[in-house]
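Undergrad:
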Amino acid sequence: METTLHQQLKRCYAQNDDSTEVVLGQYRIDAIRDDELIEVQCASLSAIRDKCRNLLKHHQLRVVKPVVMRTRIAKAKKRGGPVTSRRLSPKRGNLLELFDELIYFTRVFPHPNLVIEVPLIEIEQIRLPGKKRKRRWHKDFQVGDVRLETIQRSLELRTPADLLALLKLPPTIENFNTADLATIIDRPRWHAQQIAYVLRKTGAIDSKGRDRSGIIYQRAA
């Protein structure tokens, strides 16, 4: 089921109300603005990978991939019912979580016809009572809807260099391994390895060699 968040973002990017859910050949396009096709993807990028590769052959395409920075949790007793309580989730999002999705998009990005836009958003998540489960580690709620509260700011990714810029590597760092990267970005090493994979596959960095600590990387020429 389409969330309110998805509907709101489509309207944000569409040229007008008649420019959403447009049929183009075998595909339904979320929105069109001028000569640019727009796909809003709140779920995994892997779901639209093949669609994007086909559209990029003949069209300019903007993929809007939001990253949730803050979540307000609203509880209701039933779908469509009144909200009984609201609170801010203590969990905060991180822009670098984008790389978790870009792993599935390295055969699409970069492309001369493609822009990935990353709005950093705050949302309200509507939670409903969950189905009774025997296992106590299951969630005791289900998400009824997700709504946009605000867009903090938005970033555009067009080239591999744009990806590398997200890490804000010090200019003095010429060579690094994933342990170095994890320290610089203050993330676990497994996440730094994930990020390095995306950067290498998209051409943002090259592998220079290997030592006892692992693969040595450098910025691509």
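For the sequence shown, counting from 1, position 196 maps to 196 in my numbering; every step adds exactly one.
Virtual Cβ for every residue (Gly too), placed ideally from N, Cα, C.
Starting from Y27, trace the beta strand (DSSP E) in both directions and tell me its first and last residue.
TA: Stepping through the sequence shown from its first residue, residue 27 is reached at position 27. Taken as a continuous stretch (DSSP letters only), the beta strand (DSSP E) holding Y27 covers Y27 to R33.
Undergrad: If you scan the segment 58-121 from start to end, which runs of the alpha helix (DSSP H) of 4 or more residues do you find wholly inside it?
TA: The segment 58-121 contains these whole alpha helix (DSSP H) runs: 98-102.
Undergrad: Can you find the residues in the same chain that come closer than 8 Å, C-beta to C-beta, to V143, ignoring five residues on each side of it along the sequence?
TA: As a first step, residue 143 is located in the sequence shown; it is residue number 143 there, counting from the start. Contacts found: Q125, I126, R127 and L128.
Undergrad: Sorry if obvious, but does the Cβ on R33 come closer than 7 Å to a heavy atom of the ligand SAH?
TA: For the structure depicted, the ligand SAH is absent and the ligand set is empty, with no information on it obtainable.
Undergrad: Are L56 and N113 touching if we call contact CB-CB under 8 Å?
TA: As a first step, residue 56 must be located in the sequence shown, where it is residue number 56. As a first step, residue 113 must be located in the sequence shown, where it is residue number 113. Contact flag set, yes.
Undergrad: From the DSSP output, read off the bridge partner residues of S44.
TA: Within the sequence shown, the letter at position 44 stands for residue 44. Note: S44 sits in no beta bridge, so no partner.
Undergrad: Could you check if N177 is buried or exposed, using at least 16 other CB atoms within 10 Å of its CB as the buried criterion?
TA: Counted from its first residue, the sequence shown places residue 177 at position 177. So N177 ends up on the buried side.
Undergrad: With 16 as the cutoff for other CB atoms within 10 Å, does R62 come out buried or exposed?
TA: For this step, residue 62 is matched to residue 62 along the sequence shown. Burial call: buried.
Undergrad: If you draw a straight line from the alpha carbon of Q60 to that of L37, how long is it in whole angstroms?
TA: On the sequence shown, residue 60 is found 60 positions in, with the first residue counted as 1. On the sequence shown, residue 37 is found 37 positions in, with the first residue counted as 1. Answer to the nearest angstrom: the Cα atoms are 6 Å apart.
Undergrad: Measure the C-alpha to C-alpha separation of V157 and I32 and round it to an integer number of angstroms.
TA: Residue mapping note: residue 157 aligns to position 157 of the sequence shown, counting from 1. Residue mapping note: residue 32 aligns to position 32 of the sequence shown, counting from 1. The sequence given here places Leu at residue 157; Val does not occur at that position. Distance between the alpha carbons of L157 and I32: 19 Å.
Undergrad: Compare the Cα-Cα distances from L98 to each of G203, V198 and A204 and report the closest residue.
TA: For the purposes of this step, residue 98 is identified with residue 98 of the sequence shown, where counting begins at 1. The candidate whose alpha carbon is nearest that of L98 is V198.
Undergrad: Between the beta-carbon of K201 and the beta-carbon of T84, is there less than 8 Å?
TA: Along the sequence shown, read from residue 1 onward, the residue named residue 201 stands at position 201. Along the sequence shown, read from residue 1 onward, the residue named residue 84 stands at position 84. Not in contact: K201 and T84 (Cβ atoms no closer than 8 Å).
Undergrad: Just the C-alpha distance for P90 and P119, rounded to the nearest angstrom, thanks.
TA: Here residue 90 is taken as the residue at index 90 of the sequence shown, counted from 1. Here residue 119 is taken as the residue at index 119 of the sequence shown, counted from 1. If you take the alpha carbons of P90 and P119, they lie about 20 Å apart.
Undergrad: Determine the direct distance from the alpha carbon of E122 to that of L277, and round the result to whole angstroms.
TA: With the chain running from 1 to 221 in the structure shown, residue 277 is simply not present.
Undergrad: With which residues is Y217 paired in a DSSP beta bridge?
TA: By one-based count along the sequence shown, residue 217 stands at place 217. Y217 pairs with F176 and S207.
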